[in-house]
Amino acid sequence: MTRITVTVDGTRYTDDVEPRTLLVQYLRDRLGKVGTVVGCDTGNCGACTVHLDGRSVKSCQLLAVQTDGHEVTTIEGLANGATLHPMQEAFRDCHALQCGFCTPGMIMQAVDLVTENPHPTEAEVREGLEGNLCRCTGYHNIVKAVQQGAGAMSGGQS
Amino acid sequence: MIPATFEYVAPTSVDEALAALAESGDDAKVIAGGQSLLPVLKMRLNAPSVVIDLGRVDGLRGISVDGSDLVIGAMTTHHEIANSPLVREHAGVLADAVSQVADAQVRHRGTIGGSLAHADPAGDYGAPILALGASMVITGSGGSRTVAADDYFTDLFETAVGEGELLTSVRIPSHGGAGSAYEKFVRVAQQWAIVAVAATVRVADGHIAEAAIGLTNMGSTPLRARGVEEALRGRPVTADAVREAASRAAEGTNPPSDLNGSAEYRRHLATVLTARAVLKAAGG
Ligand SMILES: Cc1cc2nc3c(=O)[nH]c(=O)nc-3n(C[C@H](O)[C@H](O)[C@H](O)COP(=O)(O)OP(=O)(O)OC[C@H]3O[C@@H](n4cnc5c(N)ncnc54)[C@H](O)[C@@H]3O)c2cc1C
Ligand code: FES
Ligand code: FES
């Protein structure tokens, strides 16, 4: 067992974990943050995307012990109380999901993308979401939502 | 999928990391970004008893200029390299290639050291590293040594990094002012290269003064297309002249055949992509 202290969605946790524990397992099984899901478990689909110190990472491709002393944000930490994050709101507004399985990862990656590039073109959105697979929507409404969310995040009308 | 149990060691200096390696011998694995190692551990293709995390080691991360060399620490991420103005200025072809590695999430974690130590012949670092004539700084308990890119890749997933050693940095002679391009051929998003070509080219008076070409996934290691480099020297920057020289791109290669394409198809791709990369790099 290795003792780690991690801040997840604004709360500090200190836990003893087996070093082989994946971050996504720690989030779901230990902290109960089941908003972060596992799709492929091989680093390909992006469903498990969270932020580590503000940058998007795939939590199935990271050991929990590697996050000791760092800050993790999951989809559950995006909303401000009952107020959805503008990117969450945009996904709802644009019908950017069907089954919803890819959505947590899509939104976390979208927020990362817009943080780096506040006004992405359609092509830049598609390229920025390269690591996130959706089996349902055909991506069209997702791209629309990310551009709308980007506008809202930079203070424009959503 | 969950890896087999292992002990986790998190050194904070290169010396500590080397000591941990020496203590556990070939039963230890170093973890950098984990983007290649974790899949291997999860599928239990490897089950080290000790995993040594380089993530907390000071001084392995960063990009700087030392004399006429660009120096990149082994733990510098793909994202940092792809977005660095210093890399763009001194080693443009590396920025071109690394911005095409995997996807944003993987680029936030994966490192230059991990990629070059893993040495997948389809990886996007080898070709630019060869074309730039870089050197790898390898550190062991006895100190550091420098290995030229041409001698670094020894076989499929094999490099000059020996047991008990770490790749600590990469030194790249500045290519300031040279044109560059990385032509990566893939069929779907976020794919490993079917074939890719790295080119760095200097043009003087409309003629190619100097060109260096690296090939991705054309054999068990990344390769340099010396025949093309020779054929390009002194040639005018015209589509015909460049295509003629690029027709030698597959010389001496031994590409794989797999679901993405036959060896023959890859040889063809190498010539087409080389011409494209050289023309783009030469601004033609
Ligand atoms: C979905 C996906 C798509 C990808 N697509 C691409 C792609 O298109 N192109 C591409 O080039 N790569 C691709 N990769 C691989 C990615 O670039 C990895 O980041 C890289 O191969 C390994 O770097 P790492 O830092 O993650 O190393 P790790 O996975 O931590 O380590 C890899 C190996 O190198 C050893 N090692 C690491 N650092 C050192 C060191 N400093 N000294 C000695 N040994 C060391 C480790 O022990 C291990 O054996 C992809 C990965 C994923 C998950
Ligand atoms: S579950 Fe992590 S990338 Fe698919
Ligand atoms: S909405 Fe079903 S996978 Fe994207």
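First to last, the sequence lines map onto chains A and B. Going left to right, the first sequence walks through residues 126 to 283 as the numbering used here numbers them. Going left to right, the second sequence walks through residues 86 to 369 as the numbering used here numbers them. From the three backbone atoms N, C-alpha and C, an ideal C-beta is built for every residue, glycine too.
Where residue i and residue j are concerned, what is the direct C-alpha to C-alpha distance, given to the nearest angstrom?
{"i": "Leu82 (chain B)", "j": "Gly157 (chain A)", "result": "This structure does not reach residue 82 (chain B), given that chain B is present from 86 up to 369, and the question cannot be answered."}
{"i": "Val99 (chain B)", "j": "Val142 (chain B)", "result": "6 Å"}
{"i": "Val255 (chain B)", "j": "Leu217 (chain B)", "result": "11 Å"}
{"i": "Leu308 (chain B)", "j": "Asp154 (chain B)", "result": "22 Å"}
{"i": "Ala33 (chain B)", "j": "Val280 (chain B)", "result": "Here chain B has residues from 86 to 369 only, and residue 33 (chain B) is not among them."}
{"i": "Val222 (chain B)", "j": "Ile232 (chain A)", "result": "40 Å"}
{"i": "Gly171 (chain A)", "j": "Ala235 (chain A)", "result": "11 Å"}
{"i": "Ser332 (chain B)", "j": "Arg320 (chain B)", "result": "14 Å"}
{"i": "Gly274 (chain A)", "j": "Ala113 (chain B)", "result": "45 Å"}
{"i": "Glu174 (chain B)", "j": "Gly261 (chain B)", "result": "6 Å"}
{"i": "Ile242 (chain A)", "j": "Gly227 (chain B)", "result": "Before going further, note that residue 242 (chain A) is Asn rather than Ile in the sequence given. Answer to the nearest angstrom: the Cα atoms are 45 Å apart."}
{"i": "Ala176 (chain B)", "j": "Thr262 (chain A)", "result": "40 Å"}
{"i": "Met303 (chain B)", "j": "Val282 (chain B)", "result": "10 Å"}
{"i": "Gln282 (chain A)", "j": "Pro211 (chain A)", "result": "Confidence is the limiting factor: at Gln282 (chain A) the pLDDT is only 45, short of 50, which leaves the residue's position unreliable and the question unanswerable from this model."}
{"i": "Leu106 (chain B)", "j": "His164 (chain B)", "result": "28 Å"}
{"i": "Val182 (chain A)", "j": "Leu148 (chain A)", "result": "10 Å"}
{"i": "Asp235 (chain B)", "j": "Leu215 (chain B)", "result": "6 Å"}
{"i": "Ile267 (chain A)", "j": "Val363 (chain B)", "result": "37 Å"}
{"i": "Pro341 (chain B)", "j": "Gly135 (chain A)", "result": "49 Å"}
{"i": "Glu250 (chain B)", "j": "Ser305 (chain B)", "result": "23 Å"}
{"i": "Ser184 (chain A)", "j": "Asn131 (chain B)", "result": "20 Å"}
{"i": "Phe270 (chain B)", "j": "Gln185 (chain B)", "result": "11 Å"}
{"i": "Thr97 (chain B)", "j": "Asn168 (chain B)", "result": "26 Å"}
{"i": "Asp178 (chain A)", "j": "Pro206 (chain B)", "result": "32 Å"}
{"i": "Thr130 (chain A)", "j": "Asp166 (chain A)", "result": "24 Å"}
{"i": "Gly276 (chain A)", "j": "Tyr264 (chain A)", "result": "19 Å"}
{"i": "Ser229 (chain B)", "j": "Val271 (chain A)", "result": "48 Å"}
{"i": "Leu188 (chain A)", "j": "Arg145 (chain A)", "result": "6 Å"}
{"i": "Asn205 (chain A)", "j": "Gly194 (chain A)", "result": "24 Å"}
{"i": "Arg180 (chain A)", "j": "Glu349 (chain B)", "result": "41 Å"}
{"i": "Val239 (chain A)", "j": "Arg287 (chain B)", "result": "36 Å"}
{"i": "Pro124 (chain B)", "j": "Gly168 (chain A)", "result": "8 Å"}
Which residues bound the alpha helix (DSSP H) around residue i?
{"i": "Gly158 (chain A)", "result": "Sequence inspection shows Lys at residue 158 (chain A); the Gly mentioned does not correspond to that position. Premise fails: Lys158 (chain A) is in no alpha helix (DSSP H) and is neither H nor E."}
{"i": "Gly230 (chain A)", "result": "228-241"}
{"i": "His163 (chain B)", "result": "163-167"}
{"i": "His265 (chain A)", "result": "265-278"}
{"i": "Asp218 (chain A)", "result": "211-218"}
{"i": "Arg251 (chain A)", "result": "247-253"}
{"i": "Arg173 (chain B)", "result": "170-175"}
{"i": "Val142 (chain B)", "result": "From DSSP, Val142 (chain B) is part of no alpha helix (DSSP H); its letter is neither H nor E."}
{"i": "Pro124 (chain B)", "result": "122-127"}
Please report the residue range of the beta strand (DSSP E) in which residue i lies.
{"i": "Ala281 (chain B)", "result": "280-289"}
{"i": "Val135 (chain B)", "result": "135-138"}
{"i": "Leu177 (chain A)", "result": "174-177"}
{"i": "Gly158 (chain B)", "result": "154-158"}
{"i": "Val131 (chain A)", "result": "127-133"}
{"i": "Val271 (chain B)", "result": "No beta strand (DSSP E) contains Val271 (chain B), which DSSP labels as neither H nor E."}
{"i": "Arg137 (chain A)", "result": "136-142"}
{"i": "Asp151 (chain B)", "result": "148-151"}
{"i": "Val197 (chain A)", "result": "196-198"}
{"i": "Val190 (chain A)", "result": "Neither: Val190 (chain A) is in no beta strand (DSSP E) and is coded neither H nor E."}
{"i": "Ser184 (chain A)", "result": "From DSSP, Ser184 (chain A) is part of no beta strand (DSSP E); its letter is neither H nor E."}
{"i": "Glu92 (chain B)", "result": "92-94"}
Write down the C-beta distance between residue i and residue j rounded to the nearest angstrom, noting that I regard them as a contact closer than 8 Å.
{"i": "Gly225 (chain A)", "j": "Cys173 (chain A)", "result": "That pair is no contact at about 15 Å."}
{"i": "Ala117 (chain B)", "j": "Met160 (chain B)", "result": "6 Å"}
{"i": "Ile298 (chain B)", "j": "Thr359 (chain B)", "result": "6 Å"}
{"i": "Ala202 (chain B)", "j": "Thr244 (chain B)", "result": "6 Å"}
{"i": "Ala284 (chain B)", "j": "Ser265 (chain B)", "result": "7 Å"}
{"i": "Val197 (chain A)", "j": "Val175 (chain A)", "result": "6 Å"}
{"i": "Thr127 (chain A)", "j": "Val190 (chain A)", "result": "5 Å"}
{"i": "Ile157 (chain B)", "j": "Ala180 (chain B)", "result": "At roughly 11 Å, the Cβ-Cβ gap does not stay under 8 Å, so Ile157 (chain B) and Ala180 (chain B) are not in contact."}
{"i": "Ala367 (chain B)", "j": "Val322 (chain B)", "result": "5 Å"}
{"i": "Leu26 (chain B)", "j": "Gly225 (chain B)", "result": "Absent from the model: residue 26 (chain B). The displayed extent of chain B is 86 to 369, so no value can be given."}
At which residue ranges does the segment 187-263 of chain B contain complete alpha helix (DSSP H) runs of 4 or more residues, listed in the order of the chain?
189-194, 197-203, 211-216, 234-237
What residue ranges within the segment 292-363 of chain B form continuous alpha helix (DSSP H) runs of no fewer than 4 residues, ordered along the chain?
311-317, 324-331
Residues whose Cβ lies closer than 6 Å to any heavy atom of ligand 2, in chain order:
A:Val163, A:Gly164, A:Cys165, A:Asp166, A:Gly168, A:Asn169, A:Cys170, A:Gly171, A:Ala172, A:Cys173, A:Lys183, A:Cys185
3-residue-minimum beta strand (DSSP E) runs that sit fully inside the segment 96-120 of chain B, ordered along the chain
113-116
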